[in-house]
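Read in UniProt numbering, the sequence shown has 620 at position 620, and its numbers run on one by one without any break.
Beta carbons: idealized from backbone N, C-alpha and C, even for Gly.
It should be emphasised that the depicted structure is a prediction, and the values quoted were computed from it without experimental measurement.
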Amino acid sequence: MVPPRAKVFLSSLLAIGLLAGSMPIFLNPGSSASVLAPNVVKPPVSAVEKAPLSPPKAQPDHPAPALSDRQVEYHMDVRYEPEENKLKGKQTLTWTHPGKKSVNELYFHLYPNAFASNETTFMKESGGRLRSDPMPADGYGSMTITSVKTTEGMVLTHRLQFVQPDDGNIKDRSLAKLRLPKPIKGGESITIHTEFEVELPKIFARMGSTDNFIMAGQWFPKISVYEPVGLRGRAEEGWNLHQYHGNSEFYSNFGIYSVRIRVPDNYIVAATGFPTKPIQKSGGEHIYHFYADDVHDFAWSASPNFITAEEAFSAPGVPGVRIKLYLDPLHKDLKDRYFDAAQSALASFGKWYGTYPYSTLSIVVPPASGNGAGGMEYPTLITAFGAKNDSPGYELERTVIHEIAHQYFYGMVASNEFEEAWLDEAFATYAEERVMEKEYGITSNTAAQGASITSPAPLKLESWKYNSHEHYALNVYTRGKLVLQGIERLVGPQKMEKILYTYAQKYRFKHPTTSDFQKVVEQVSKTSWQSYFDQYVYGSQMADIAIDVIKTKSTGSAEHPRYKSTVRITSKDGDITNVPIVFAFEDGKTVERTWNGKDGKVTYTLEYSTPLAWAMVDPKYSIVLENKHINNFMKAEMDPKVVTRWNLSIAKLVETLFSSLSW
């Protein structure tokens, strides 16, 4: 998801001296889809006769090699009822047990229930806001499971039970347990038929409806992840269970999705995957059918107002993809900018992180009133920020590039966003910034970003355990990205490219952990990074290099002036290496040194014909994890007590400035 953006007041920072200048992929033969027997439900009552909902059948047998374990298979049929503002759906799910122990229950995420009241865990933690978007008045929504059956027709609806493993909040119904009539052994599969309704909320947190625009994200009952021994370092197999939290995003299994979507006949639909047949017309509806495999989610959007455009694109690492735009009318003349950003991102990421394996990439631009659904990633589908004007700045490109980065660091390298969100968001932010610099010449101000981290926290932390959404964003997005840039500073850009390429390839269509990434860094660089990770990833440290004191005394005569200056420099927090230092003398001469950072402190002695005027640590702000730049500079003639008071005053000013920023 696109990070909240800080409104950094550069003029203020300058004033205090802080800143320097393909083909469709079909099911494998023998797929469980071939034996599914979907039930037909009674058509909903409507003024227009409509075809009944029934999960779509399997695709023709033209298999391609599976890229993932395809642990789940969803066949869904959903209808949007505009009069009621509801989704009514049927789902046939086949789940294969990946572990060894028998299980007696399944767990399902019912994400729309996060918006059912002010008492849900999501609403209490978020305060009814996501980024700067508040929930509209009376904007509640929810999900109701109306039927659960086995393939044999046994009704299981009464066996559903809401659970709250994270906080015990009985008002939260975002996670449900389904008790099974008999255990499932490891390696066995079970097929469950479900009917459900979603009362769409007014958009503010990734999903809902507004002004004839629908964003169906996390809209269906989604089975939780069962982790076998070894997956993500797990010592004992079991379910990974979390509620929907104010900061958290998602974690699911790879699988197959075959989805039929029914909307009023004036609506246009964008969705994960690719259409398997032309749009059908029946009883005042348009019926779309989409298919996707080797993905871990399925999202769709619809509107009668979409302006559509499509281009084919290929490049090294992008063997062939159709980029599809679904634009709000306000952005109808900006399609070239969207295509350019998408193509730049795909070309770069295909080279840096490996082949883009899908045949489509859809970009949805919501209306301004749907901005709460903007800036979000789903497999093969992303949303841009809402169209607020017809001449946006580079945030248009930045958002598109960031979300396409998520096709790798979320889509294929599918980390657990509940527990290790930085593996998704920090990596996408790092990748986004590289493309923005390469293609548009826009570089981020890492000094300002570092200074904004006034309350660092561990990166390997459950998302809901950060103090606030701002605290989450500053650490998971910004600090995490700086940690990656810090690695790049130490190993160099070429080796960093090799690290990330190796990581993306090794854990493609897997669920890696922070420890897995650390191992790749160590394997590629052939050195231990334990101290770095302990401090900056598993710990909450930032770097703080300070000039403590400068002393100068005359050692010469009037005829032969000579001065001896001593400068003491200390690493006050966070180990750092290769610290650049500049010493400037009163006649304009400068001397550069590089400190290895060992022992936590160093004293330099300099002798010259004029006194030392000043000294500065890291004059080009290359130490990206430094967050207290105000003690990096000292003038030689100032009394140490005055220097201390002056630096403290600047520190308070910087902290006040950043604490007032809007995210």
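Quiz item: Considering Val521, what are the terminal residues of the alpha helix (DSSP H) in which it resides?
Solution: It spans Thr514 to Ser525 - the alpha helix (DSSP H) in which Val521 sits, taken as one unbroken run.
Practice problem: Would you check if there are 3 or more beta carbon pairs closer than 8 Å linking the region 326 to 335 to the region 481 to 497? | Solution: By the Cβ test, the region 326 to 335 is not in contact with the region 481 to 497, since fewer than three Cβ pairs between them sit closer than 8 Å.
Quiz item: Under three-state DSSP, which class holds Ala546?
Solution: Strand.
Quiz item: Between the C-alpha atoms of Lys171 and Val198, what's the straight-line distance to the nearest angstrom?
Solution: Note on geometry: alpha-carbon atoms of Lys171 and Val198 lie some 18 Å from one another.
Quiz item: Do you know how far the Cα of Asn578 is from the Cα of Gly255?
Solution: Taking the Cα positions, Gly255 is about 46 Å away from Asn578.
Quiz item: According to the Cβ coordinates, are Arg489 and Ser622 closer than 8 Å?
Solution: Against a cut-off of 8 Å, the Cβ pair of Ser622 and Arg489 comes out as a contact.
Quiz item: What do you get for Glu188, buried or exposed, if any count of 16 or more other CB atoms within 10 angstroms of its CB means buried?
Solution: Glu188 is exposed by the Cβ-count criterion.
Quiz item: For Thr308, which residues from the same chain have a beta carbon less than 8 Å from its beta carbon, with the 5 sequence-adjacent residues on both sides left out?
Solution: Ile268, Lys324, Leu325, Tyr326 and Leu327.
Quiz item: Run through DSSP, which three-state label would Val537 get?
Solution: Correct three-state label for Val537: coil.
Exercise. Would you mind stating whether Phe290 and Pro275 have Cβ atoms separated by less than 8 Å?
Key: It is a contact, given that the beta carbons lie within the stated cut-off.
Quiz item: Tyr378 by DSSP, collapsed to three states: which one?
Solution: Taken through DSSP and simplified to helix, strand or coil, Tyr378 comes out as strand.
Practice problem: Could you tell me the distance, in whole angstroms, from the CA atom of Lys124 to the CA atom of Ser565? | Solution: When rounded, the distance between both Cα atoms is 58 Å.
Practice problem: List the whole-angstrom C-beta distance separating Asp294 from Phe509, where the pair is believed to meet the contact cut-off of C-beta under 8 Å. | Solution: Correct: roughly 6 Å between the Cβ atoms.
Quiz prompt | Residues near Tyr538 by beta carbon distance below 7 Å, same chain, minus five either side | solution = Taking C-beta separations shorter than 7 Å and ignoring five residues to either side along the sequence, the partners of Tyr538 in its chain run Pro458 and Lys460, following chain order.
Practice problem: Starting from Leu178, follow its DSSP beta bridges and name the residues at the other end. | Solution: Paired residues: Leu106 and Leu160.
Self-check item: Val435 - containing alpha helix (DSSP H), residue span
Solution: Unbroken alpha helix (DSSP H) run through Val435: Trp422 to Tyr440.
Quiz item: Could you give the residue range of the alpha helix (DSSP H) that holds His471?
Solution: First-last of the alpha helix (DSSP H) with His471: His469 to Ala473.
Exercise. Could you name the residues that DSSP lists as bridge partners for residue 707?
Key: In the structure as shown, the chain begins at 1 and stops at 663. Residue 707 is therefore absent and cannot be evaluated.
Quiz item: Considering only residues of the same chain and omitting the five flanking positions on each side of Glu425, which have a CB-CB separation below 6 Å?
Solution: Within the same chain, Glu425 has close Cβ partners Val476 and Tyr477.
Self-check item: Close Cβ partners of residue 701 (< 8 Å) along its chain, the five nearest in sequence each way excluded
Solution: In the structure displayed, the chain extends from 1 to 663; residue 701 sits before or after that span and is not available.
Exercise. Measuring alpha carbon to alpha carbon, tell me which of Glu152, Met207, Tyr353 and Tyr608 ends up nearest Pro181.
Key: Closest by C-alpha distance to Pro181, out of Glu152, Met207, Tyr353 and Tyr608, is Glu152.
Quiz item: Does the Cβ-Cβ distance between Ser362 and Leu381 come in under 8 Å?
Solution: It is a contact, given that the beta carbons lie within the stated cut-off.
Self-check item: Backbone CA spacing between Met1 and Leu612 [nearest angstrom]
Solution: A straight line joining the alpha-carbon of Met1 with that of Leu612 spans about 49 Å.
Quiz item: Between the C-alpha atoms of Val263 and Ala216, what's the straight-line distance to the nearest angstrom?
Solution: Each residue's Cα considered, the two are about 12 Å apart.
Quiz item: In whole angstroms, what separates the C-alpha of Tyr410 from that of Glu470?
Solution: For Tyr410 and Glu470, the distance between alpha carbons rounds to 21 Å.
Quiz item: Contact between the region 446 to 458 and the region 397 to 410: three or more CB pairs below 8 Å?
Solution: Result no; under three Cβ-Cβ pairs closer than 8 Å.
Practice problem: Reducing DSSP to helix, strand and coil, say where Ile453 ends up. | Solution: If DSSP states are grouped into helix, strand and coil, Ile453 belongs with coil.
Quiz item: If we count Cβ pairs, one from each stretch, closer than 8 Å, do we get three or more for the region 138 to 151 versus the region 162 to 170?
Solution: Because the criterion of three Cβ pairs below 8 Å is not met, the region 138 to 151 and the region 162 to 170 do not touch.
Exercise. Put Gln71 into one of helix, strand or coil per three-state DSSP.
Key: Three-state DSSP puts Gln71 in coil, outside helix and strand.
Self-check item: the region 227 to 237 contacting the region 109 to 116, beta-carbon criterion three pairs below 8 Å
Solution: Cβ pair count under 8 Å is below three, so no.
Quiz item: From Asp575, Ser348, Ala292 and Leu200, pick the residue whose C-alpha is nearest to that of Ala66; which is it?
Solution: Answer by Cα proximity: Ala292.
Quiz item: Which whole-angstrom value describes the C-beta separation of Gly574 and Leu625, a residue pair presumed to lie in contact below a C-beta threshold of 8 Å?
Solution: Contact between Gly574 and Leu625 holds, with the beta-carbon distance rounding to 6 Å and staying under 8 Å.
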